[in-house]
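Below: one structure, written as structure tokens.
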Amino acid sequence: YFNFNFFYSILHDRVEFLGIDRRLQTNLNDFTSLPAKQQLEIDVELQNIEVGHMPATIRESFLEKVFEMGNKFVDSTKKEFDPGIIGPFALQSAITKDFELVVFDVSPRVPGSPVLMMSPYTHYYYGESFGTGKRIAMEISEAIKEERLDEVVT
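Structure representation (structure tokens):
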């Protein structure tokens, strides 16, 4: 699975891809990395409690699909709840054996992952890498300068 993190800028009417992270869950991650034979021999109660995040990347050939997912989600929120989502959100997704991306959950908030500042994607937009908090601050600052703050905050 992957958490695809985005930011919708209402000021620029643009969906920005901020980066990817994966969750780390207590003993589940370690258990599933063992060979199947060892998994069958171990008698341990598995836990699926989130304890951290790690940065991730994805094949470049998937990026167009990732961008499409972000744009479709924003378009759907605009249709359902005017003005739609504003700011950060994550699409928690899995990739099937047929290489289809499937969204199984949405996180309509600031992601809990501090590793996004290590992602290269903000650098492509802005010439520097930074996290979600700075991106929010940039949007608010620009909205104040343009006297459009009422569009950015609800």
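Numbers 2 to 155, taken from our numbering, label the letters of the sequence shown in order.
Glycine is no exception: its CB is placed at the ideal position from the N, C-alpha and C atoms.
Alpha carbon to alpha carbon, how far is residue i from residue j?
i    : j    : result
E46  : K79  : 43 Å
I86  : A138 : 17 Å
D44  : T33  : 13 Å
D106 : N72  : 16 Å
V16  : F68  : 8 Å
G134 : A144 : 15 Å
G88  : V153 : 8 Å
L12  : P84  : 12 Å
T27  : D76  : 36 Å
G117 : D22  : It is worth fixing the name first, because residue 117 is Leu in this sequence and not Gly. Going from the Cα of L117 to the Cα of D22 covers about 7 Å.
Quick one: what does DSSP say residue i is sitting in, helix, strand or coil?
i    : result
V52  : strand
S203 : The structure shown does not extend to residue 203, since the chain is modelled only from 2 through 155, so no value can be given for it.
D44  : coil
R136 : helix
V154 : coil
D31  : helix
L25  : strand
S10  : strand
Who are the Cβ neighbours of residue i in its own chain at under 6 Å, not counting the five residues just before and after it?
i    : result
P187 : Given that the chain is displayed from residue 2 to residue 155, the structure contains no residue 187 and the question cannot be resolved.
R136 : F8
G113 : none
Whose C-alpha, out of the options, is nearest the C-alpha of residue i?
i    : options                : result
Y2   : G113, L150, Y9 and L25 : L25
G20  : H54, L29 and T97       : H54
T58  : H124, F5 and S142      : F5
S130 : F18, I96 and S108      : F18
Q93  : F100, S108 and E81     : S108
Once you ignore the five residues that flank residue i on each side, which residues in its own chain have a CB closer than 8 Å to its CB?
i   : result
N49 : Q26, T27 and L29
Can you find the residues in the same chain that come closer than 7 Å, C-beta to C-beta, to residue i, ignoring five residues on each side of it along the sequence?
i   : result
S10 : E17 and E140
Item to check | Whole runs of the beta strand (DSSP E) within the stretch 80 to 112, excluding any shorter than 3 residues | outcome: Counting whole runs of 3 or more residues, the stretch 80 to 112 contains the beta strand (DSSP E) stretches 88 to 96 and 102 to 108.
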